[in-house]
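Engineer: Sending over a structure as structure tokens; questions will come in a sec.
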Amino acid sequence: MSRIYEEIDPAYAAACSDVTLCYSNKGFFRGFSEDIVSLAEADNWLKTFEDLEDGQKVTAVLGKHEIMEALREVFSRIQPLHRAKDARVSRERRLAAEVALKEGDFTKALSLASQAILRAPMTGNEEVIDGGVSLALGLWLRSEVLLETGRPKAALEDLKLALKERLPARMRAQYYWRMGHCYKGAEEPTRAKVSYELAGRLLGSDEAAKCQLAKDIESLDYTVLPKHPPDKPGISLSGGAKQNMPALSKLIKIAEEENQGRFAVANNEIKTGDVLLVDSPYAACLLPDYYGSHCLHCFKRLEDFENAAPVWCPKCSSVAFCSIVCRDNAVSTYHSFECQYLDLFIGSGMSILSQIALRMVTQAGLDTSLVLHSKFLSNEIKTVEGAALNDIEGMSKKSKMKSRRERLNRSKKGLKSFTDKDLKDNESETKVEDKMSYHEKLEMTAAQIYSLCTHSAQRRGSDYLKRVVMGMFLTECLKKAGFFKNCEQASKAETSICELIVRNLQLLQFNAHEIYETLRGQHTFTGSKPIYIAVGIYPTGALFNHECYPAVARYFEGRKIVLRATRPLAPGEVVSENYGPHFMTRSLKERQRSLACRYWFRCECVACREDWPTLKQMRPDAATYLRCPNLSCTCKFKANPKCPPGKCPKCSIAIDKELLRVYLDTVDRCISRYQDGAQMMEEERAMDATKVLCEAIDTFHEVAHPPQRDTHIAQESLRSCYAAFGNVHTVQNSDDSS
12 MSRIYEEIDP
22 AYAAACSDVT
32 LCYSNKGFFR
42 GFSEDIVSLA
52 EADNWLKTFE
62 DLEDGQKVTA
72 VLGKHEIMEA
82 LREVFSRIQP
92 LHRAKDARVS
102 RERRLAAEVA
112 LKEGDFTKAL
122 SLASQAILRA
132 PMTGNEEVID
142 GGVSLALGLW
152 LRSEVLLETG
162 RPKAALEDLK
172 LALKERLPAR
182 MRAQYYWRMG
192 HCYKGAEEPT
202 RAKVSYELAG
212 RLLGSDEAAK
222 CQLAKDIESL
232 DYTVLPKHPP
242 DKPGISLSGG
252 AKQNMPALSK
262 LIKIAEEENQ
272 GRFAVANNEI
282 KTGDVLLVDS
292 PYAACLLPDY
302 YGSHCLHCFK
312 RLEDFENAAP
322 VWCPKCSSVA
332 FCSIVCRDNA
342 VSTYHSFECQ
352 YLDLFIGSGM
362 SILSQIALRM
372 VTQAGLDTSL
382 VLHSKFLSNE
392 IKTVEGAALN
402 DIEGMSKKSK
412 MKSRRERLNR
422 SKKGLKSFTD
432 KDLKDNESET
442 KVEDKMSYHE
452 KLEMTAAQIY
462 SLCTHSAQRR
472 GSDYLKRVVM
482 GMFLTECLKK
492 AGFFKNCEQA
502 SKAETSICEL
512 IVRNLQLLQF
522 NAHEIYETLR
532 GQHTFTGSKP
542 IYIAVGIYPT
552 GALFNHECYP
562 AVARYFEGRK
572 IVLRATRPLA
582 PGEVVSENYG
592 PHFMTRSLKE
602 RQRSLACRYW
612 FRCECVACRE
622 DWPTLKQMRP
632 DAATYLRCPN
642 LSCTCKFKAN
652 PKCPPGKCPK
662 CSIAIDKELL
672 RVYLDTVDRC
682 ISRYQDGAQM
692 MEEERAMDAT
702 KVLCEAIDTF
712 HEVAHPPQRD
722 THIAQESLRS
732 CYAAFGNVHT
742 VQNSDDSS
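Numbering-wise, the working numbering comes out as the position in the sequence shown, counting from 1, plus 11.
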């Protein structure tokens, strides 16, 4: 079997592969897995293992006595390891927050109050401290801090939660009084008055308090109207969504060729700035470094929520959520199984991809995961591929779809409608789809995920064995977390889940995307840089092939990946993105080494075939290359006004000198427009800058051919504009919890 990475740099390729499984500088797993590989090499068993079919490899390891003995010895020591709830710590944080509040240090007070909430045990536990209501008292204190800092709506949410968590009855009068303050701050005077009046009934004989309460009621202004933040318009696909791939624009089609696999191609003319993909992840995980600053479920920065404050996990104190909705979605699916082992996962040194491989199982649950294993790994259930895969050009059509879910998937018009007519046409189908369960939708999307490449045939036995060991480690954690407790055939189910995790580990290596937010510099664009906070796998986004001169820019809106065109494309042209090494910043040799060793393919894009210069090598006075005026010709020629070519060197069409002059004038005009766009960016006019840059790039590509220094600078400016429309945040150091 030919392995491209071994021809380039086998040692670097092995290091790249290892880091997708576990980190090299921390944790026990790296050394542990290498010890297992050494055991497998002792009697040449590893070579036999490498030659086995995929479906036999986990079973082969289970049958290898020496390996299993070593694994069982380590796995026997696995136990829950996480930051548990602690009423004593919660009380200490709360008292410290009270001191900070009295001193007027609201930032510190808010941080400490949030820590007190996240560390507090559930109501009724540890009653020796705070009578078992540490959580309610923490929420009560934080509501005061939030009210003092001008966040009445967030304070109101904490008050409501405090009441649910058994806030002591003696505090009810103060509770409704503070609620009145919150409604007053939120400019809802009618509700504020009702709350004040309820407080008055509970004040008893405290005349001074009643007098103050009366003044509060008199101060209400009934002329104000509640303010609602402007709705941020959702991003929509240019040209509408494809029928069976609603994350993809109709301007794109998916083709398949034997040597390239599946890839995106322009179906119609594409203009610079067109939105070509808006895709949600099949599974995604937040990096542990951001557990204290971002919502574990939606990845939004917690400090960005003006009208809410961080919400706790019922079991652990390691993570936070932006809302009860996100918390409940996480706890009801994946987090209940991962929660108690979070610190063990981090301490093991397992990579974020290994965590996603586990998340793909925990979010589905045991029953659905076993169905996925049967459909896509063992083929015990005979099924056709998903509707999206059946419509790929270049593929032979599969058998007709017969199941209800597959018929629904094929006939739906799209998850979202973009016109009133579409809304009416899709109304009945949308109602049917709304009734589909979470697990049914997951099964439908899984057809795309499990058709992604794994390059299993090119994988060395040592690398595959390490992934089996990781799969067994994670399966053992699931077992001790109760994932299999209601399973009648637990042993068979454990093997199936392990095989599923191993498959996940392989496909994630080549198909996952890093999710980022933008760290702002002193200026909105200048000095900004992406900060990677999470990693996800996108069913449709993973179908875009790589080019060193990509046709799209990638950014994120929350968890959704967005691809927008950075240059015009004609029908039939490949719509590529970039996997990391771009020709502007990396030489041909560097790019080929990186792509071969990390993604196991040799790039043959135009920038590689023609060995385009990097941005540093492009001089401002470098020659301009123009396209042949014959639209059916792909040739380019050096435009030298002093010695113009008489004809195209490829198709021999005559080149008019006057046309050459017009082309060069057009290039100069475009460069001037790029400078206008840069000025607009400096003035923080992102929308205007985007429009100017898009128009200039479109015009430039009509006459000129890359590489051309100025057009690439313009495209980088355009990427900055796109990032401004997505997740743009100022990253600050986060405290221990929130």
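A virtual CB, placed ideally from N, CA and C, is assigned to each residue, including glycine. Bear in mind the structure is a predicted one, so any value in this text is a computation, not a measurement.
Name the residue from Q90, Y449, E528 whose alpha carbon lies nearest to the alpha carbon of G358.
Structural biologist: If we check each option's Cα against that of G358, Q90 comes out closest.
Engineer: Could you round the C-beta distance between L148 and A184 to whole angstroms and report it? I think they count as a contact, below 8 Å.
Structural biologist: With 8 Å as the limit, L148 and A184 do not qualify as a contact, their Cβ atoms being about 16 Å apart.
Engineer: What span of residues does the beta strand (DSSP E) with T529 cover, start to end?
Structural biologist: Element bounds for T529: 523 to 530.
Engineer: By DSSP's criteria, I572 is part of a beta bridge. Which residues make up the other side?
Structural biologist: I572 pairs with D290, F567.
Engineer: For H305, which beta-bridge partners are listed by DSSP?
Structural biologist: In DSSP, H305 forms a bridge with R312.
Engineer: Here's the rule: buried if 16 or more other CB atoms are within 10 angstroms of the residue's CB, otherwise exposed. What is N278?
Structural biologist: It is buried - the Cβ of N278 has at least 16 other Cβ atoms within 10 Å.
Engineer: Can you have a look at V289 and say buried or exposed, based on whether 16 or more other CB atoms are within 10 angstroms of its CB?
Structural biologist: So V289 counts as buried.
Engineer: On a CA-only basis, which of R570, L157, L637 is nearest S291? Give me that one, please.
Structural biologist: Of the listed residues, the one whose Cα sits closest to S291 is R570.
Engineer: Between K164 and F316, what straight-line distance do the alpha-carbon atoms span, to the nearest angstrom?
Structural biologist: For K164 and F316, the distance between alpha carbons rounds to 10 Å.
Engineer: Checking 8 Å against the spacing of the C-beta atoms, do V586 and F555 come in under that value?
Structural biologist: Yes, the pair counts as a contact, with Cβ atoms nearer than the cut-off.
Engineer: With A25 as the anchor, note down where its alpha helix (DSSP H) starts and where it stops.
Structural biologist: Segment 21 to 30, the alpha helix (DSSP H) holding A25.
Engineer: Expressed to the nearest angstrom, what Euclidean distance is found between the alpha-carbon atoms of S13 and C464?
Structural biologist: If I take the Cα positions, the gap works out to 17 Å.
Engineer: V276 lies in the beta strand (DSSP E); which residues open and close that run?
Structural biologist: Segment 272 to 277, the beta strand (DSSP E) holding V276.
Engineer: Bridge partners for V585 per DSSP, in chain order?
Structural biologist: Beta-bridge pairing links V585 to V276.
Engineer: Less than 8 Å between the beta carbons of C608 and D20, yes or no?
Structural biologist: Result yes, Cβ atoms of C608 and D20 sit closer than 8 Å.
Engineer: Given a cut-off of 8 Å, decide if L50 and A81 are closer than it, judged by their beta-carbon atoms.
Structural biologist: Yes, the Cβ-Cβ distance between A81 and L50 is below 8 Å.
Engineer: In the DSSP assignment, what are the bridge partners of I335?
Structural biologist: None; I335 has no bridge partner.
Engineer: Leaving out five residues before and five after V703 in sequence, what residues of the same chain have Cβ atoms less than 7 Å from its Cβ?
Structural biologist: Contacts found: R684, D687, G688, M691.
Engineer: What does DSSP give as the partner residues of S548 in its beta bridges?
Structural biologist: Checking the displayed sequence, the identity of residue 548 turns out to be Ile instead of Ser. Note: I548 sits in a beta bridge opposite A294, A523.
Engineer: Mind checking which residues open and close the alpha helix (DSSP H) that includes R183?
Structural biologist: Here the alpha helix (DSSP H) through R183 covers 183 to 196.
Engineer: Say whether the stretch 59 to 67 touches the stretch 103 to 119, bearing in mind that this needs 3 or more beta-carbon pairs closer than 8 Å, one atom from each stretch.
Structural biologist: Short answer: they don't touch.
Engineer: If the criterion is Cβ atoms closer than 8 Å, does the pair T710 and C732 meet it?
Structural biologist: Contact flag unset, no.
Engineer: Who are the near neighbours of Y187 in its chain, counting only those whose CB is closer than 8 Å to its CB and skipping five residues on each side?
Structural biologist: Counting only Cβ-Cβ distances below 8 Å, and skipping sequence neighbours, we find S206, Y207, L209, A210, L213.
Engineer: Rounded to whole angstroms, what's the CA-CA distance from D378 to L298? Just pull it up for me.
Structural biologist: Distance between the alpha carbons of D378 and L298 is about 27 Å.
Engineer: Do you know offhand how far T59's Cα is from L511's?
Structural biologist: Approximately 22 Å, taken between the alpha carbons.
Engineer: Just checking my contact of A564 with L369 at CB under 8 Å: how many whole Å lie between their CB atoms?
Structural biologist: 31 Å between Cβ atoms; not a contact.
Engineer: Where does Y34 fall in DSSP's three states?
Structural biologist: Y34: coil per DSSP, three-state reduction.
Engineer: Hey, how far is the Cα of C619 from the Cα of Q500?
Structural biologist: The alpha-carbon atoms of C619 and Q500 are separated by roughly 53 Å.
Engineer: Give the range of the beta strand (DSSP E) segment to which R638 is assigned.
Structural biologist: It spans 636 to 638 - the beta strand (DSSP E) in which R638 sits, taken as one unbroken run.
Engineer: Between which residues of its own chain and S448 is the CB-CB distance below 6 Å, once the five residues before and five after are set aside?
Structural biologist: If we look at S448 and ignore the five residues flanking it on each side, it has no Cβ neighbours.
Engineer: If you follow the alpha helix (DSSP H) that K171 is part of, which residue opens it and which one closes it?
Structural biologist: That run of the alpha helix (DSSP H) goes 163 to 175.
Engineer: My output table needs one value for Y543: the three-state DSSP class, helix, strand or coil.
Structural biologist: Correct three-state label for Y543: strand.
Engineer: Is the distance from the Cβ of C296 to the Cβ of A545 below 8 Å?
Structural biologist: Going by C-beta atoms, C296 is nearer than 8 Å to A545.
Engineer: Pull up the DSSP beta-bridge partners for V322, would you.
Structural biologist: Paired residues: F332.
Engineer: Specify the secondary structure class of E669 as computed by DSSP and reduced to three states.
Structural biologist: Three-state result, E669: helix.
Engineer: Where does L214 fall in DSSP's three states?
Structural biologist: Residue state, collapsed to three classes: coil.
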